[in-house]
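Here's the structure, in structure tokens; my notes come after.
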Amino acid sequence: MKGDVFMDNMVTRNSTASTRVSKNVKEKAIRNLATRGITLSEFLRFAVGKAADDDIELINFLDSPEALKAKKEVETGNIEKIGTLDDLDNWMDRL
22 MKGDVFMDNM
32 VTRNSTASTR
42 VSKNVKEKAI
52 RNLATRGITL
62 SEFLRFAVGK
72 AADDDIELIN
82 FLDSPEALKA
92 KKEVETGNIE
102 KIGTLDDLDN
112 WMDRL
């Protein structure tokens, strides 16, 4: 009987998901999550579960204080030109 209850409460892990991040980002995430008492794997399982339940709030980085400040600078012409579109293309080609 006791074994049956245990089996009913077990979580079946039959799928994996993976992503790639820099070593530095992973290490920082592990340290920050550890201060909250959870592992990276636990956090990722939690995040994927929230996404599956459509219980997530995405951050709109375009509404961040930095982005709004940059938008205002562009709209008022208060910007510093640092290159041309060709310079940007050349830089992107080197990435």
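Here the sequence shown stands for residues 22 to 116, numbered as in my numbering.
By construction, the Cβ of each residue, glycine as well, lies at the ideal position given by its N, Cα and C atoms.
Between the beta-carbon of I51 and that of L61 there is about 5 Å, and that keeps the pair under the 8 Å contact cut.
Boundaries of the alpha helix (DSSP H) around L65: L61 to A73. A88 is positioned such that its CB atom lies closer than 8 Å to that of F82. Cα atoms of T97 and S85: separation of roughly 18 Å, rounded to the nearest angstrom. Rounded to the nearest angstrom, the Cβ distance from I103 to E94 is 13 Å, too far for a contact under 8 Å. DSSP, read as helix, strand or coil, puts D84 in helix.
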